[in-house]
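Shown next, in structure tokens, is the structure this report addresses.
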Amino acid sequence: MEPSGSEMPRPGTYTCDIYVPYPCERCEYMCNMLKTHMRTHTGERPYACDICKYKFTTSSDLMIHIRTHTGEKPFVCDICEHRCRSSSHLKKHMRTHTAERPYTCDICEYKSRSSSDLKIHMRTHTGEKPFPCEGCEYRCSRSDVLKIHMRTHTGEKPFACERCEYKFTTSSDLKNHMRTHTGEKPYACDICEYRFTTSSDLKTHMRIHTGEKPFACDICEYRCRSSK
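First residue of the sequence shown: 1, per the UniProt record's numbering; consecutive thereafter.
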């Protein structure tokens with residue numbers, strides 16, 4: 001017996017007994033939360049953070065974001081003490097223990113732990129750079145890279161050395177700097193005994209052995225191993 005019109009589930013909903021997927025009119029996507037999906041087309045972000053300017057398409061995304069302000073990390077790894085703001089972040093973290101990389105690139109052999117990492121990787125093939133700087137013509141493929149770039153305009157250096165007065169725009173720069181205090185040189189040459197504090201210094205050094213000089217002068221024929 002067919003259900004009457006009044007008994008039919010409304011688009012974008014489901015009953016307790018039956019899962020009813022509804023097709024999007026703009027793409028081939030099918031889901032039971034059609035109203036939420038449509039915001040990917042309209043750009044609507046009705047859920048706003050009271051603390052900062054961020055807005056979100058779903059209330060659950062807002063809730064996860066709020067934890068960046070409160071510091072709350074309710075999801076705990078059973079293997080180590082790592083804590084996360086969301087169950088999806090914990091799921092991604094667990095793959096560091098299992099080495100699982102279920103997301104595969106169709107173009108190369110790259111595999112990733114999350115669909116978001118794969119999406120970012122795909123931009124290395126497409127050349128897509130969807131994050132533009134408002135202060136200059138710079139564009140990049142990742143929002144976190146744009147955030148770091150913006151510090152070249154603002155002068156912000158949030159990573160401070162505890163031993164001296166140096167400050168840095170990135171945590172990796174601070175990590176490299178700390179080796180000037182500790183003397184640590186974790187990057188070793190396979191051919192000779194030289195060791196280095198950064199992988200970039202090792203890469204430059206290796207060109208002594210290979211003879212590679214990729215940096216050319218625009219005025220004369222001089223070539224060199226580094227851009228410095």
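Virtual Cβ for every residue (Gly too), placed ideally from N, Cα, C.
Where does glycine 5 sit, in a helix, a strand or coil, going by DSSP?
With a pLDDT of 45 at glycine 5, under the threshold of 50, the modelled position of that residue is not reliable, and no figure is offered here.
Does the separation of the CB atoms of phenylalanine 131 and serine 143 fall below 8 Å?
Going by C-beta atoms, phenylalanine 131 is nearer than 8 Å to serine 143.
Helix, strand or coil: how does DSSP classify arginine 45 here?
Here arginine 45 sits in coil by DSSP.
Short of 6 Å in beta carbon distance, which residues of its chain neighbour arginine 113, apart from the five on each side in sequence? Order them along the chain.
Closer than 6 Å at the Cβ level, and outside the excluded window around arginine 113, lie Lys92, Arg95 and Arg101.
If distances are taken between C-alpha atoms only, which option among Cys220, Gly135, Ala216 and Arg67 comes closest to cysteine 154?
For the sequence presented, residue 154 should be read as threonine rather than cysteine. With distances taken between Cα atoms, threonine 154 lies closest to Gly135.
Does glutamate 134 come out as helix, strand or coil in the three-state DSSP assignment?
The answer is coil: DSSP assigns glutamate 134 none of H, G, I, E or B.
To the nearest angstrom, report how far apart methionine 178 and threonine 169 are at their CA atoms.
C-alpha separation (whole angstroms): 14 Å.
So what's serine 86 in DSSP terms, helix, strand or just coil?
The answer is coil: DSSP assigns serine 86 none of H, G, I, E or B.
Within the same chain, show all residues whose beta-carbon is closer than 8 Å to that of glycine 180, passing over the 5 residues directly before and after it, in chain order.
For the record, residue 180 in the displayed sequence is threonine; it is not glycine. For threonine 180, where only same-chain residues beyond five positions count, the Cβ hits under 8 Å are Thr197.
Does the contact criterion of 3 or more C-beta pairs under 8 Å hold for the stretch 33 to 48 versus the stretch 57 to 75?
Yes, they touch.
Taking the continuous alpha helix (DSSP H) assigned at aspartate 117, which residues delimit it?
115 to 126 is the span of the alpha helix (DSSP H), which, as asked, contains aspartate 117.
Applying the 10 Å Cβ sphere with the 16-neighbour rule, what's the burial state of tyrosine 22?
Tyrosine 22 is buried by the Cβ-count criterion.
Express the C-alpha separation of cysteine 133 and threonine 124 in angstroms, rounding to a whole number.
Computed Cα separation, rounded: 19 Å.
Looking at the structure shown, is glycine 12 part of a helix, part of a strand, or coil, going by DSSP?
For glycine 12, the predicted structure reports a pLDDT of 46, less than 50, and the residue's modelled location is therefore unreliable. The matter cannot be settled from this model.
Whole-angstrom Cβ separation of arginine 225 and arginine 207, contact assumed at under 8 Å?
At roughly 4 Å, the Cβ-Cβ gap stays under 8 Å, so arginine 225 and arginine 207 are in contact.
What did DSSP end up calling histidine 149 once you bin it into helix, strand or coil?
Histidine 149 falls in the helix class under three-state DSSP.
What does the alpha-carbon distance come out to for the pair aspartate 218 and isoleucine 148?
For aspartate 218 and isoleucine 148, the distance between alpha carbons rounds to 30 Å.
Please name the residue in Cys192, His82, Thr70 and Glu221 whose C-alpha comes closest to that of histidine 209.
For the residues Cys192, His82, Thr70 and Glu221, the minimum Cα distance to histidine 209 belongs to Cys192.
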